[in-house]
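Heads up, the sequence shown is in my numbering, so the first residue is 12 and it goes up one at a time.
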Amino acid sequence: MISRAERTLFGEWWWTIDRSLLFAVTALMILGVVLSLAASPPVAERIGLDLFHFVHRQAIFLAPAAVIMIGVSFLNPRQVRRLAWLLFIAGLALLALTLIHGTEIKGARRWVSFGGLVVQPSEFVKPALVVLAAWMFAEGSERRDVPGHFFAMLLLGSVVGLLILQPDLGQTVLTTTVWGAMFFLAGLPWIWMIALGGAGVFGLGVAYAFLPHVTKRIDSFMSDDGDGAASFQVQKAMESFQSGGWFGKGPGEGTVKRIIPDGHTDFIFAVTGEEFGILCCIIIAGVYAFIVLRSLHHARREQDGFVRLAIAGLAMLFGLQSAINMAVNLHMMPAKGMTLPFISYGGSSMFALALGMGMLLALTRKRPRADALAAEIARHRRKRQASSAEAMA
């Protein structure tokens, strides 16, 4: 038992961390290995690998991911921001590298290989962009002499430009939506919100007109008799839910899962529905909802502008990605190729999510009143300096 009077680094961390959030995320990480045991053996057998190849790798990913998440959660807000800068610069460089030396899979260059290690840079750029945009929005709102909103737009533009060139429409839509929501929370006028929404709709129209894979996926979604791998998997996903019913067929008893090509990654939610039932899927969705709502509760109570926006942005990023994956499995939107956080198989996704949730845990920690007071004094000092600069001008 850890005493509140204990002044060690771990003792202070334990009593300031949101343990409910920590336990919920940990439960998802463990659940990912369990569900991988149900979903991945048919895929491994079909492509000639050891039956439990993906299960073993998912379990191997789990330990370093947990270490990363816990380690990052020890950071203070300033250190989180510095880490975000390092991640963003490295991730942006790797995003550019994918266009030159990227591994092409299904017509897209989203991965870069280092020996036997395959990395998807966009996964690491997303949480870094959210944290940096939050900082710039906060600075722009508090200091009139800092064009924070403009710099935040530059960051978004650099990321979205590289994502479109890969191309990766799913990550582009996710990143832009979260960025726009943060812009709105930072005090964006309604006219800007309408303009950004219009630009988003126009961008989707252009993608539909000029990107064949986007056209094919949207047409398959809109048509009941659509063809192609994405449409086939969605149809089989719906069959999985129907086959499992409310309580599922039992672990290892699924049959539809055996013919879903991406049953261990993008469509693991459907495999869960077949073997463990719709009730289990509802519980999993409830865990994701709890994490998002708990985080937004912290954001609502936070006084520091940067921390408030960063918490909200990271929570929305996590929640929206989860919702998109589940919606695709339920045939509620076109296939996006997006993983279910901590449950779908994938090293890049697991480590990037661990970094993002580590940042979220760090920012939602209880901070001493003195730190909050110091931040408030610094904010007022910056406002006075900005006012003095305007008066002199």
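Glycine included, every Cβ here is placed at the ideal spot set by N, Cα and C.
Since we're looking at a predicted model, the values are computed, not measured.
Distances from the alpha-carbon of histidine 112 to those of Leu94, Pro132, Ala95, Glu250 put Pro132 closest.
Straight-line measurement puts the Cα of arginine 92 at about 22 Å from the Cα of valine 36. Annotation: the continuous beta strand (DSSP E) that includes leucine 128 extends over 128-130. Counting only runs of 4 or more residues that sit fully inside the stretch 294-353, the alpha helix (DSSP H) segments are 316-340, in chain order.
At a cut-off of 4 residues, the continuous stretches assigned as alpha helix (DSSP H) that sit fully inside the stretch 130-207 are 132-153, 159-176, 180-196. By the Cβ-count criterion, proline 53 is buried, with 16 or more other Cβ atoms from all chains shown falling within 10 Å of its own Cβ. By the criterion of a C-beta distance shorter than 6 Å, serine 251 is surrounded in its chain by Val267, Ala281, Gly284, Glu285, once the five residues flanking it on both sides are discounted. Take the alpha-carbon of isoleucine 79 and the one of alanine 248: they are about 33 Å apart. With 16 or more other Cβ atoms from the protein chains shown falling within 10 Å of its own Cβ, methionine 361 counts as buried. Tryptophan 190 sits away from valine 157, with the two beta carbons spaced by 9 Å or more. For threonine 37, the three-state secondary structure derived from DSSP is helix. Isoleucine 229 and tryptophan 24 have their C-alpha atoms spaced approximately 47 Å apart. Per DSSP, leucine 364 is one residue of the alpha helix (DSSP H) stretching across 358-374. In the pairwise beta carbon analysis, the stretch 190-206 is classified as not touching the stretch 362-378: fewer than three pairs are separated by under 8 Å. In its chain, beyond the 5 residues on either side, Val303 have a beta carbon closer than 6 Å to the beta carbon of glycine 330.
If you compare the alpha carbons of Ser169, Arg154, Arg155 with that of valine 136, the shortest gap goes to Ser169. Here arginine 319 is buried: its Cβ has 16 or more other Cβ atoms, across all protein chains shown, within 10 Å. Under the three-state reduction of DSSP output, tryptophan 257 falls in the coil class, being neither helix nor strand. Annotation for leucine 98: the continuous alpha helix (DSSP H) segment containing it runs 88-112.
Partner residues in the beta bridge of phenylalanine 125, as assigned by DSSP, are Leu128.
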